[in-house]
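Below is one structure, written out as structure tokens; comments come after it.
Protein chains in written order, with our numbering: chain G, 17 to 351; chain S, 17 to 351.
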């Protein structure tokens, strides 16, 4: 493709194909709204391992191996892997990739990581450099809580607007040949920061970044929201989702009838997750289970899929900085 | 280009051009071996800012802006930026990118980040998706010490094999047109882990990863070390450098006469940096100053440049895990 100056989007000449996906979750996600859309539900959040971090590594390793297996491929056929997670220095990703022994490029986009990896995978494949790439992301509730907020053992009460970090991982296999939905375009996000400083309000903090990327995508590609059967964001939760609809309405764009946030699709009302799911795995497990199946069944034919990342750290919070956010998008279409 | 199965390397059809570079360092680096090769030397490690983390953000923002200025370009002409640093959740990168307002893809490769970004930039440009991309990386001694080891105020004695995290940042502008050295090939690394657990022995920990990628590069592209005027690694320091030479000798490859490590090129013997420099900025400031000038002067015509990353975290260390390492490579050649 040829990119025009000022565009943040790319249009693929030979749209790469998502030939396989896999996901894995913890018990809480397994009892949620998406029962029947997971490859494996762990009996507990340790799964026999010594630490939550080791368990998160296992989650990613499982998702990648299972996706390759479902693709009827071998690990040796994977040209490279794009992956990342929420832990400091991508701890769970690195120990997963140590075991998988494939060429690897580490990403940090917080909860936008899955889409960042898919977008880069599609670019590398359409550019003719490789033939099969895996993109993966993971998060683990207990590992994330003790790193970002409070260890669970302290029993700190969570505010109503807080979200629940998903324990899980998803992996997609993107190939130059095979059958399945195709990644037809991608939009790279810019950092957007509206000055929100409360790390319990990540949904509202990320909403303007999602709005910026959706708006830019529609401008760049020349589409209206009606082109898509559904537009999905990654983990804005109920508060952030409503804000996205409202902010786009103020720009004259109506997505109120064909938009949902993955963070609102994971847990049941009575599961006490408050404003919904969050974490790299929120978008990853929904895409790699529910959404991918609906695409294969032709119940969804054209979707816009956004990963949304809240790029704060405990240090930036302690230093009273605001939360920089980003959103990347890919459009996925059945042939 | 067309990639052969099993190869970790790509060969560019229209090798992208490094049209500009810039760097910035702290006072200790400014008094070191590379005086005269820096765009700006800060008077101290805060440079008037409120925290070391804010200072590191400034370092990256300066390097990117200065590189664009030296390229006679505007920020609006930059299609996207690949960047990363060592801080948890890429804190300094995200606040720099918040100010720069360009499409951004976050990377975490520890000290391999600079080369990971250059490799991906070259792929996106040669693939025809964009025309101008910036790759940047930063590190800050004081911010890194308090995050990874001990706050400087504690005055903990450093072991003789320890390295000194560079305070600085480097940025390269990679373009599809213009003049300058070209990125002709790239090799994506795999994670290599020889079981070293001491975070004060990062050089020896990373050496096998560097060896793996150099070996793979030579196999993939069909070259011998003699093809290159020089082979550079990022931040192995004196202990790691000697190990690379020895490990490659055991494989029948001799790089003893045309190999140097950027970590050995930054500080003078009497600066008490022990085994040499480390950090994302070690390779970045050497490449964006000294090496780039030598290329433009035709004193170096063909180099292989490796970024080497030690992918541990404080949590992985506390959990007694070994240190996974990775190295990515690009070959840079004058036309």
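Glycine included, each C-beta is placed from N, C-alpha and C at the ideal position.
Using the beta-carbon count (16 or more within 10 Å), is residue 167(S) buried or exposed?
-> Looking up residue 167(S) in the second chain gives position 151. By the neighbour-count rule (16 or more Cβ atoms within 10 Å), residue 167(S) is not buried but exposed.
Helix, strand or coil for residue 214(G) per DSSP? One-based indexing of the first chain puts residue 214(G) at position 198. The answer is coil: DSSP assigns residue 214(G) none of H, G, I, E or B.
message: Which residue wins for smallest C-alpha separation from residue 222(S), given the options 251(S), 141(S) and 336(S)?
response: Numbered from 1 along the second chain, position 206 holds the residue referred to as residue 222(S). The residue with the shortest Cα to Cα distance from residue 222(S) is 251(S).
Closer than 7 angstroms, Cβ to any Cβ of chain S: which residues of the segment 197-210 of chain G, in chain order? 204, 205, 206, 207 and 209
Residue 118(G) versus chain S: which residues are under 8 angstroms apart at the beta carbon?
Counting from one through the first chain, the residue named residue 118(G) turns up at place 102. From the beta-carbon of residue 118(G), the residues of chain S found nearer than 8 angstroms are 206.
Subject >> Contact with chain G by residue 127(S), beta-carbon distance below 8 angstroms >> reply: Translated into the one-based positions of the second chain, residue 127(S) becomes position 111. No - not a single Cβ of chain G is within 8 angstroms of the one on residue 127(S).
inquiry  = Taking CB distances under 8 angstroms as the criterion, tell me whether residue 62(S) reaches chain G.
reply    = In the second chain, counting from the first residue as 1, residue 62(S) sits at position 46. No, its Cβ sits nowhere closer than 8 angstroms to a Cβ of chain G.
Kindly say whether residue 80(S), judged by its beta-carbon, lies nearer than 8 angstroms to any beta-carbon of chain G.
In the second chain, residue 80(S) corresponds to position 64, counting from 1. Not closer than 8 angstroms to any Cβ of chain G, the Cβ of residue 80(S) fails to qualify, so no.
- Kindly indicate if chain S contains any beta-carbon less than 8 angstroms away from that of residue 337(G). By 1-based counting over the first chain, the position of residue 337(G) is 321. Yes - at least one Cβ of chain S is within 8 angstroms of the one on residue 337(G).
field: Selection from 324(G), 68(G) and 46(G) that minimises the alpha carbon distance to residue 218(G)
entry: Stepping through the first chain from its first residue, residue 218(G) is reached at position 202. For the residues 324(G), 68(G) and 46(G), the minimum Cα distance to residue 218(G) belongs to 324(G).
Identify the residues that DSSP records as bridge partners of residue 246(G): which are they? The count along the first chain starts at 1 and reaches residue 246(G) at position 230. Paired residue(s): 319(G).
Is there a Cβ of chain B sitting closer than 8 angstroms to that of residue 26(S), yes or no?
Judged by its chain identifiers, the structure shown contains no chain B, and its protein chains are G and S.
| message | For residue 330(G), would you say it is in contact with chain S, using Cβ-to-Cβ distances shorter than 8 angstroms as the test? | response | If you number the first chain from 1, residue 330(G) lands on position 314. Closer than 8 angstroms: yes.
Rounded to the nearest angstrom, what separates residue 74(S) and residue 336(G) at their Cα positions?
Sequence index remark: in the second chain, residue 74(S) carries index 58 (1-based). Sequence index remark: in the first chain, residue 336(G) carries index 320 (1-based). Cα-Cα distance, rounded: 17 angstroms.
Measuring straight from C-alpha to C-alpha, what distance separates residue 311(S) and residue 51(S)? For the purposes of this step, residue 311(S) is taken as residue 295 along the second chain, with counting starting at 1. For the purposes of this step, residue 51(S) is taken as residue 35 along the second chain, with counting starting at 1. Roughly 18 angstroms between the two C-alpha positions.
Practice item. Could you check the C-alpha separation between residue 109(G) and residue 54(S) for me, to the nearest Å? Key: Residue mapping note: residue 109(G) aligns to position 93 of the first chain, counting from 1. Residue mapping note: residue 54(S) aligns to position 38 of the second chain, counting from 1. Roughly 35 angstroms between the two C-alpha positions.
| How about the segment 18-37 of chain G and the segment 191-211 of chain G: do they share at least three Cβ pairs that are nearer than 8 angstroms? | yes
Anything in chain G within Cβ reach of residue 67(S), meaning under 7 angstroms, just list it in chain order. Indexing the second chain from 1 puts residue 67(S) at position 51. Taking a Cβ-Cβ threshold of 7 angstroms, the residues of chain G close to residue 67(S) are 335, in chain order.
Review point. Counting contacts by CB-CB distance shorter than 8 angstroms, is residue 18(G) in contact with chain S?
Key: To locate residue 18(G), count along the first chain from 1; it is residue 2. Bear in mind that the predicted position of residue 18(G) carries a pLDDT of just 46, short of 50, making it too unreliable to give a figure here.
* **Sequence ranges, alpha helix (DSSP H) only - wholly within the segment 83-144 of chain G, length at least 4** => Counting only runs of 4 or more, we get 107-116 and 129-142.
Measuring CB atoms only, is the segment 150-165 of chain G touching the segment 100-115 of chain G, in the sense that at least three cross pairs come out at less than 8 angstroms? Short answer: they touch.
For residue 114(S), return the contacting residues in chain G, with the cut-off set at a CB-CB distance below 8 angstroms.
Translated into the one-based positions of the second chain, residue 114(S) becomes position 98. What residue 114(S) touches in chain G: 207, 209 and 340.
Q) Cβ of residue 187(S) within 8 angstroms of Cβ of residue 72(S)? A) Position 171 of the second chain, counting from 1, holds the residue named residue 187(S). Position 56 of the second chain, counting from 1, holds the residue named residue 72(S). Result no, Cβ atoms of residue 187(S) and residue 72(S) do not sit closer than 8 angstroms.
Could you compute how far the alpha carbon of residue 194(G) sits from the alpha carbon of residue 35(G)?
Here residue 194(G) is taken as the residue at index 178 of the first chain, counted from 1. Here residue 35(G) is taken as the residue at index 19 of the first chain, counted from 1. Each residue's Cα considered, the two are about 6 angstroms apart.
Note to self: Output needed in chain order: residues of the segment 93-113 of chain G with a Cβ under 9 angstroms from some Cβ in chain S.
What the structure shows: 93, 95, 96, 100, 102, 103, 104, 105, 106, 107, 109, 110, 111 and 113
Taking the alpha carbon of residue 148(G) as the point to measure from, which residue in 106(G), 125(G), 91(G) and 180(G) has its own alpha carbon closest?
-> Position 132 of the first chain holds residue 148(G). Out of 106(G), 125(G), 91(G) and 180(G), 91(G) has the C-alpha closest to the C-alpha of residue 148(G).
* Taking 8 angstroms as the cut-off, decide whether the C-beta atoms of residue 326(G) and residue 130(G) are in contact. => Along the first chain, one-based indexing puts residue 326(G) at 310. Along the first chain, one-based indexing puts residue 130(G) at 114. Not a contact, by the Cβ cut-off of 8 angstroms.
Requested in this report: Compute the distance between the beta-carbons of residue 48(G) and residue 284(G), then report whether it is under 8 angstroms.
Outcome: Here residue 48(G) corresponds to residue number 32 of the first chain, with the count starting at 1. Here residue 284(G) corresponds to residue number 268 of the first chain, with the count starting at 1. Contact: yes.
Residue span of the beta strand (DSSP E) that contains residue 149(S), given as start and end: Position 133 of the second chain, counting from 1, holds the residue named residue 149(S). Counted as a single uninterrupted DSSP element, the beta strand (DSSP E) harbouring residue 149(S) occupies residues 148-155.
Take residue 82(S) and list the residues in its own chain whose beta-carbon comes closer than 6 angstroms to its own, dropping the five residues that flank it on each side.
Position 66 of the second chain, counted from the first residue, corresponds to residue 82(S). Same-chain partners within the cutoff: 38 and 55.
Margin query: Applying the 10 Å Cβ sphere with the 16-neighbour rule, what's the burial state of residue 267(G)?
Written below: For this step, residue 267(G) is matched to residue 251 along the first chain. So residue 267(G) counts as exposed.
**Study point:** Cα-Cα separation between residue 209(S) and residue 332(S), rounded to whole angstroms
**Key:** As a first step, residue 209(S) is located in the second chain; it is residue number 193 there, counting from the start. As a first step, residue 332(S) is located in the second chain; it is residue number 316 there, counting from the start. Near 13 angstroms, if we compare the C-alpha coordinates of residue 332(S) and residue 209(S).
Output the boundary residues of the beta strand (DSSP E) element that contains residue 343(G).
The sequence position of residue 343(G) within the first chain is 327, counting from 1. From DSSP, the beta strand (DSSP E) with residue 343(G) extends over 341-349.
- Query: Where does residue 272(G) fall in DSSP's three states?
  - Reply: Position 256 of the first chain, counting from 1, holds the residue named residue 272(G). Residue 272(G) falls in the coil class under three-state DSSP.
Thinking C-alpha only, which one of 269(G), 262(G), 243(G) and 79(G) is nearest residue 297(G)? Residue 297(G) sits at position 281 when you count from the first residue of the first chain. Considering only alpha carbons, the answer is 79(G).
Item to check | alpha helix (DSSP H) segment containing residue 178(S), residue limits | outcome: One-based indexing of the second chain puts residue 178(S) at position 162. That residue, residue 178(S), is in no alpha helix (DSSP H); it is neither H nor E in DSSP.
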